[in-house]
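S.K.: Numbering (my numbering), first residue to last: 5 to 83. So that we are looking at the same thing, I have put the structure below in structure tokens.
Written as structure tokens, this is what we have:
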């Protein structure tokens, strides 16, 4: 839920910057902001999943070895 709000905010900003005609610099800055937001989603997802017990992870069909992959998918989508 948090990641969707962040990405919606970022994508809305990207459209405003591109529409205002700021050119390559605006696109570059928008890309940096989007990447920073996605990294924040990745880190938060990884942190929250890491706080769960092994049993809670098993209930979700997860184990500790695939938490990074799940966090990656939450931030950037499936590979």
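Glycine included, every Cβ here is placed at the ideal spot set by N, Cα and C. On a predicted model such as this, the values are computed, not experimentally measured, just so you know.
Please classify residue 53 as buried or exposed, where buried requires at least 16 other C-beta atoms within 10 Å of its C-beta.
M.R.: Classification of residue 53: buried, given that the 10 Å Cβ count is 16 or more.
S.K.: Take residue 67 and list the residues in its own chain whose beta-carbon comes closer than 7 Å to its own, dropping the five residues that flank it on each side.
M.R.: Closer than 7 Å at the Cβ level, and outside the excluded window around residue 67, lie 61.
S.K.: State the DSSP-derived secondary structure class of residue 65, mapped to helix, strand or coil.
M.R.: Coil.
S.K.: Taking C-alpha atoms, which residue in 59, 46 and 32 lies nearest to residue 76?
M.R.: Cα-wise, what sits closest to residue 76 is 46.
S.K.: Are the beta-carbon atoms belonging to residue 42 and residue 82 less than 8 Å from one another?
M.R.: Cβ distance not < 8 Å, so residue 42 and residue 82 don't count as in contact.
S.K.: Out of 44, 40, 65 and 71, state which residue places its alpha-carbon closest to the alpha-carbon of residue 55.
M.R.: Out of 44, 40, 65 and 71, 71 has the C-alpha closest to the C-alpha of residue 55.
S.K.: For residue 34, is the classification buried or exposed, using 16 other Cβ atoms within 10 angstroms of its Cβ as the cut-off for buried?
M.R.: With 16 or more Cβ atoms within 10 Å of its Cβ, residue 34 is classed as buried.
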